[in-house]
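With this note's numbering applied, the sequence shown closes on residue 366, and no number is skipped along the way.
All C-beta atoms, glycine included, are put in the ideal place defined by N, C-alpha and C.
Here the structure is a predicted model, which is why all the values come from computation and not from measurement.
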Amino acid sequence: MQRDPQDFGRVLSSMCTEPHPDARDAARRFLASNPGDPTTYPAVAELEREVVETLGEVTGLSDPHGYVASGGTEANLQAVRAARNLAETTDPNVVAPESVHFSFRKAADVLDVELRLAPVGSDLRADPAKIRRLADEDTALVVGVAGTTEYGRVDPIPALANAAAAVDALLHVDAAWGGFVLPFTDWAWSFADASVDTMTIDPHKMGRAPVPAGGFLARDEAILDALAVDTPYLESTSQAALTGTRSGAGVAGAHAALSALWPDGYRENAARGRENAEWLADALESRGYDVVAPVLPIVAADIPETTVEALQAEGWRVSPTGDGELRVVCMPHVTREMLESFVADLDSV
Ligand code: 0PR
18 MQRDPQDFGR VLSSMCTEPH PDARDAARRF LASNPGDPTT YPAVAELERE
68 VVETLGEVTG LSDPHGYVAS GGTEANLQAV RAARNLAETT DPNVVAPESV
118 HFSFRKAADV LDVELRLAPV GSDLRADPAK IRRLADEDTA LVVGVAGTTE
168 YGRVDPIPAL ANAAAAVDAL LHVDAAWGGF VLPFTDWAWS FADASVDTMT
218 IDPHKMGRAP VPAGGFLARD EAILDALAVD TPYLESTSQA ALTGTRSGAG
268 VAGAHAALSA LWPDGYRENA ARGRENAEWL ADALESRGYD VVAPVLPIVA
318 ADIPETTVEA LQAEGWRVSP TGDGELRVVC MPHVTREMLE SFVADLDSV
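In structure tokens, the structure reads:
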């Protein structure tokens, strides 16, 4: 019996979305290719080079180095790993706002690096002065987030770059989710806006690529060199990625999605996401709920737990923030009709 995946009709909390049709096709064709062995699989390796080039265009980096990772967790871990390997200390730490994704906890644990979390300001963004206060001569990496997981906030990246420079640390920007929306805003977040060293930008989130397709980018080749290990029995001599065998489907799917959507398709997605988030925020506010106003297309609202449970029982996939607010991520598959039907259910439960 054929088993089907669930459809996206009532999914409001996911950061993944319906892949672009071209991306689905490309993924299917490259299912058995391994970009981890680029000399045996040169076709997919070429696609990966082109994906990195385009990710460079998206993020304002003219000579990008990087690769297609398994996701944001791997890309963030690699940023920490590169910074740790390059740091001249035996007791490295990473300084980040407390709004960072939990993948940094995994990275700190795996890599045996201390993670120092600074409180965010009342605007839910990193506070550069607090970050600076936690940083010291053992700080290998400062992290900023461009599109936080819970509230879609964009940290003040240029000020965080200054904080990193003051202690001679690298700066990493986690734009795993926000990276395909931010080019169409006036936030300063990219390699072109500040001296960012590494970045996470995931095609399998707002990029409409199939899972798994994360993105790791570096300004300097030395960062990838700091990640590379020798691979004596492969034709290629070294490997910077964390995983060995990797998904050709992810790479080819990301390539097809970027080809189809950068820049106009992503511009349209960003505009539709923004309009939908604003519409939903207004609809919830007019019903008397406290709403965290959307910056990037995520809406959080203080809706009682029992109401959320009733909506979940209606099949709506909604998840709470750490503070218990209901959170809706306006991904490309989230249409106005879906939101209208969600609000109608909210009125009736
Ligand atoms: N950085 C940020 C800012 C993220 O939001 C996430 C994931 C990551 C890194 C890690 O990325 P990977 O999950 O690709 O390793 N944010 C969502 C989360 O963990 C991911 C997600 C996706 C959640 C789909 C639910 C879902 O259905 O909450």
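Spatially closest choice to residue i from the options, by CA coordinates
i, options, result
"L328", "D319, T338, V360", "V360"
"L259", "M18, A44, T56, A96", "A96"
"A310", "H221, G265, V346", "V346"
"S264", "L72, T107, E292, A226", "A226"
"V85", "T56, V68, G339, L241", "V68"
"A437", "T56, V75, H37, S87", "For the chain, the structure presents residues 18 to 366; residue 437 sits outside this window and is missing."
"L187", "A99, E357, P38", "A99"
"D210", "L134, V75, I240, E342", "V75"
"E238", "Q19, G196, P22, G83", "G83"
"S50", "D39, E65, D364", "E65"
"L151", "V111, P321, E342", "V111"
"R46", "A92, E105, A269", "A269"
Span of the alpha helix (DSSP H), counted from its first residue to its last, around residue i
i, result
"E302", "281–302"
"V360", "353–365"
"T323", "322–330"
"V75", "59–76"
"A239", "238–242"
Expected contact under 8 Å - CB spacing of residue i and residue j to nearest Å
i, j, result
"S30", "R289", "Incorrect: roughly 18 Å between the Cβ atoms, too far for contact."
"E154", "V184", "6 Å"
"H189", "M223", "Rounded, the Cβ-Cβ distance is 19 Å, inconsistent with contact."
"V198", "L313", "5 Å"
"A372", "L132", "No information on residue 372 is available, as it lies outside the stretch 18 to 366 that the chain covers here."
"Q256", "T262", "Contact flag wrong, Cβ pair sits at about 11 Å."
"E167", "T338", "5 Å"
Three-way DSSP call (helix, strand, coil) for residue i in this model
i, result
"L128", "helix"
"G267", "helix"
"D247", "strand"
"N51", "coil"
"S276", "helix"
"R27", "coil"
"L141", "coil"
"A146", "helix"
"L151", "helix"
"L259", "coil"
"R133", "strand"
Host beta strand (DSSP E) of residue i (start-end)
i, result
"M216", "215–217"
"V97", "Here V97 belongs to no beta strand (DSSP E); instead the alpha helix (DSSP H) covers 89–103."
"I315", "315–318"
"D42", "Counting along the chain, D42 falls outside any beta strand (DSSP E), though it belongs to the alpha helix (DSSP H) covering 38–46."
"F233", "231–235"
"P114", "110–114"
"G341", "G341 -> no beta strand (DSSP E), and no H or E assigned at all."
"G378", "Since the displayed the chain opens at 18 and closes at 366, residue 378 lies outside it and no answer follows."
DSSP bridge partner residues for residue i (one or two, in chain order)
i, result
"D191", "V162, T217"
"N179", "Answer by DSSP bridge pairing: none, since N179 is not bridged."
"A334", "The sequence given here places Arg at residue 334; Ala does not occur at that position. Looking at the DSSP assignment, R334 forms a beta bridge with V28."
"T437", "The structure shown does not extend to residue 437, since the chain spans only 18 to 366, so no value can be given for it."
"V345", "V316"
8 Å Cβ cutoff, residue i in contact with chain B
i, result
"T165", "Looking for chain B here will not work: only one protein chain is present."
Ligand 2 heavy atom lying under 7 Å from the CB of residue i
i, result
"D191", "As for ligand 2, it is missing from this structure, which binds only ligand 1."
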